[in-house]
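Report on one structure; see the data block that follows.
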Amino acid sequence: MGSKHWQQRSMRMVSGPCLDEPDAVRHPELLLEPAAAITTLDSAELQQRLQQAQTLKNLPAFEPQRVLGGKEAAIFEAAEPRGLYCALWCGVWASTALGLGYPAINPDHQGVRMLCKAFAGSPVYLELMATALNLAADLLEACIEEPHSVATRLQPRVQAIRELASIRRGHGFSNALIRAATQRGIPCFPRLLEPGTKAPLLQFGVGAASRLIRASTTDADSSIGARIAGRKPITSQWLQQLGLPTPKTVMLPLQSSVFQLLEAAENVGWPCVVKPDAAERGYGVTVNITTPEALVAAMAQAVPLAQREVQVQAHCPGAYVRLVVINHSLVRALRCEPPFVVGDGAASIAALIEARAENWSKPDPITREHLYEQPQANPEIEQHLAQTGLTLQSVPEAGQRVVLSSELVDRMNWVYSDWLDLVHPSVQWMAESISHSMASPNAGIDVITTDLAAPLHEGKTQVIEVNSNQTLQRPQAEPFIEALFPSAASAWIPVEVIVCLLATDAAAHLAADPLAQGGVVGISPALQEADSRLLATPLEGCMLVGYCQPEQLLHNRSTRHLKFLLSWQEFLDQGLPCERVSRVVLVGELPGADAERWSTFVNELERLGRLKRG
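In the numbering used here, the protein residues as written are 7 to 620.
What follows is the structure, given as structure tokens:
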């Protein structure tokens, strides 16, 4: 791709540390080369046109100072203003579309080289990155050629990238997992990216040390546990068999009479709760029912969402707490409450909601990123306020707390605060016991409690529900990854990389240094082409295979020890096959200068922690 204003010399994926950049791992690389015809626009005019192009909805702010990092002079000298601004625009646009931070932009003797190091450790969403970079370059060209028609010209392309970006934005927790793993040096590979609402299936780690994760479920979660948790009657029976405290419960068929319904309420006691047997996220649930009329209405609400039965349960007073269990360990105790605002005596409820939403991304207390984008148009809020004699235009007194919803529906919008330090050891034991007994290492156990610090036998904490596929918020991604991988090393198997100057060197190495029993030896495409007999080399106790992409071997979860054999040229073009190795060897003799560069590279790998010997 290119134009008379710029040329894209290369768009490649650097697999791992390379000779020139031992600290760079798994990043898209875009090299922009100035064309012969240089625009006559000065930098100030070009910047003005770029800013004018932002009339397109959701284009990022043009903030070159955030991308340059003090390299303005060097980049100007290397690529002239047009190349500079093209690189800047690419960087700003791509990083904004992906939400993964700003890339590094470096001058190059051939032009401007952009490295998105925000992708370190994760080749996820590369198609989106490539699309964003190319679209950014097109935007720049449109600004130079016809700034007033940029919106019309590029609207279809912008829509295409928005559709790609929506795949990423729709799965906030998955992306938080990727970010948390990347920060700890744990690689991530996309295994299944499905359209629609399903979260992507991701592989974290390498070979036999890896784990498969989709949203909050992992490869260790059993279908049996999911079946038990997916049906409230079965869950209730299971908990009772374990002798754990649960509210008194009666199950009713969907076609139950009003008499049967009232009898069930009398049996469990007033007030009571009505739930469908299989609905999620609180849909169809009515709590604190005190009258027969409300009971009948609750039944009518629950029946359409039920599969076989409706649950009538004793109402438990107290706080609603989600006990988050990951890898059979309690990591969070989230006190959950409906969204609320606090009056200041001057602002309306609508204004208070908008102000609250602006600060909704703060990590403490644990919350969603946003409350309500358009609260004044939310009929659920208005309906709830009307029940308390308020409207969105009402002005609450200073200090007055106004709850925006009392329903259990859509808990993604609730306020979450961590009470883990209050949990009594017996309550922790209960949560972890449920996880083990249901074969659900990752579970959300919902309790109602009047005192979470009280021993279990005092009856102040009641289990009301177990969720095998729990909805987690972004701040919980880090403890999730930590529970699965106590250390970065636990996500890796031993990986050796053998760089061969000649194909004959590869054959000699296989004969002299075979891999331990049970390992896998991968032969690179170049070595396969140079010597087809390599794959027929007799090896005892291990498997010799050819590969096209390194990930093909890194994905294999049966592999406990891996050795890559690749050519010198492949190493120069692509870097190492992965960002962390236990051994790296050069087979053959390089000329003096190259030999010195190689030695420096290996030493730098070890200094940076990418060469983990042993």
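We put the beta carbon where it would ideally sit given N, CA and C, even for glycine.
* Asked: Do LEU208 and PHE195 have their CB atoms nearer than 8 Å?
  -> Result yes, Cβ atoms of LEU208 and PHE195 sit closer than 8 Å.
* Asked: Which residue comes first and which comes last in the alpha helix (DSSP H) that contains LYS238?
  -> 238–247
* Taking buried to mean at least 16 other C-beta atoms within 10 Å of its own C-beta, is GLY290 buried or exposed? -> The C-beta of GLY290 has 16 or more other C-beta atoms within 10 Å across all chains shown, which makes the residue buried.
* Any beta-carbon of chain C closer than 8 Å to the one on ALA542? -> Among the protein chains of the structure shown there is no chain C, as only one such chain exists.
* Asked: Does the count of Cβ pairs from the region 250–257 and the region 482–496 closer than 8 Å reach three?
  -> Cβ pair count under 8 Å is below three, so no.
* Asked: Using a Cβ-Cβ cut-off of 7 Å (strictly less than) and excluding sequence neighbours within five positions of GLN433, which residues of its own chain qualify?
  -> Correcting the residue identity first, residue 433 is Val in this sequence and not Gln. Cβ within range, chain order: LEU458, LEU462 and THR467.
* DSSP bridge partner residues for VAL408 (one or two, in chain order) -> Beta bridge pairing from DSSP links VAL408 with VAL347.
* Close-in-space but distant-in-sequence residues of the same chain around PRO402 (CB under 7 Å, 5 per side omitted) -> GLY349, ILE355 and VAL408
* Sheet register partners of GLN319 (DSSP bridge) -> THR255 and VAL279
* Residue from ALA300, ASN448 and PRO520 with nearest C-alpha to ALA489 -> ASN448
* Got a sec, what are the start and stop residues for the alpha helix (DSSP H) ASP579 sits in? -> ASP579 -> alpha helix (DSSP H) spans 574–580.
* The alpha helix (DSSP H) spanning GLN266 covers which residue range? -> 264–274
* For ALA437 and ILE454, believed in contact at Cβ under 8 Å, the rounded distance -> Not a contact, Cβ separation roughly 14 Å.
* What residues match up with LEU338 in a beta bridge as DSSP calls it? -> For the sequence presented, residue 338 should be read as Arg rather than Leu. Answer by DSSP bridge pairing, in chain order: VAL330.
* With DSSP run on the structure shown, which of helix, strand or coil describes PHE570? -> strand
* Asked: When the distance is taken between beta carbons, is PHE179 closer than 8 Å to SER216?
  -> no
* Pairing CB atoms from the region 219–234 with CB atoms from the region 271–286, are three or more of them under 8 Å? -> no
* Go through its chain and collect everything with a Cβ distance to THR5's Cβ below 7 Å, but skip five positions before and after it. => This structure does not reach residue 5, given that the chain is present from 7 up to 620, and the question cannot be answered.
* **Per-residue DSSP class, three states only, for THR510** => Look at THR510 here: in three-state DSSP terms it is helix.
* **Residue span of the alpha helix (DSSP H) that contains ALA601, given as start and end** => 598–614
* **Alpha-carbon spacing of GLU1 relative to PHE346, whole angstroms** => Since the displayed the chain opens at 7 and closes at 620, residue 1 lies outside it and no answer follows.
* To do: Just the C-alpha distance for TRP604 and LEU25, rounded to the nearest angstrom, thanks.
  => 7 Å
* Segment limits, beta strand (DSSP E) that includes PRO28 -> Run containing PRO28: none; DSSP gives neither H nor E here.
* To do: Please confirm if the region 574–581 is in contact with the region 223–231, defined as three or more CB-CB distances below 8 Å between the two stretches.
  => no
* To do: Inspect the beta-carbon positions of ILE504 and PHE570 and report whether they are closer than 8 Å.
  => yes
* To do: Given a cut-off of 8 Å, decide if ALA284 and ALA306 are closer than it, judged by their beta-carbon atoms.
  => No, the Cβ-Cβ distance between ALA306 and ALA284 is not below 8 Å.
* To do: Determine the contact status of GLU471 and LYS618, defining contact as a CB-CB distance below 8 Å.
  => Here GLU471 is not near LYS618, since their CB atoms are 8 Å or more apart.
* For ILE616 versus PRO23, is the C-beta spacing smaller than 8 Å? -> According to the sequence displayed, residue 616 carries Arg and not Ile. Yes, the Cβ-Cβ distance between ARG616 and PRO23 is below 8 Å.
* Report yes if the C-beta distance between CYS548 and LEU521 is below 8 Å; otherwise report no. => The Cβ atoms of CYS548 and LEU521 lie closer than 8 Å to each other.
* Asked: So VAL527 is in the beta strand (DSSP E); what residue range does that whole segment cover?
  -> The continuous beta strand (DSSP E) containing VAL527 extends over residues 526–529.
* Apply the 10 Å Cβ neighbour rule to TRP435 and answer buried if 16 or more other Cβ atoms are within range, or exposed otherwise. => exposed
* Asked: Given that a residue counts as buried once 16 or more other Cβ atoms are within 10 Å of its Cβ, and exposed if not, what is CYS506?
  -> buried
* Could you give the DSSP three-state label for PHE179: helix, strand or coil? => helix
* Check whether ALA532 and LEU582 have beta carbons under 8 Å apart -> no
* Buried versus exposed call for GLU602 [16 or more other C-beta atoms within 10 Å across all chains shown] -> Its Cβ having fewer than 16 others within 10 Å, GLU602 is exposed.
* Asked: Whole-angstrom Cβ separation of ASP424 and ARG480, contact assumed at under 8 Å?
  -> With 8 Å as the limit, ASP424 and ARG480 do not qualify as a contact, their Cβ atoms being about 14 Å apart.
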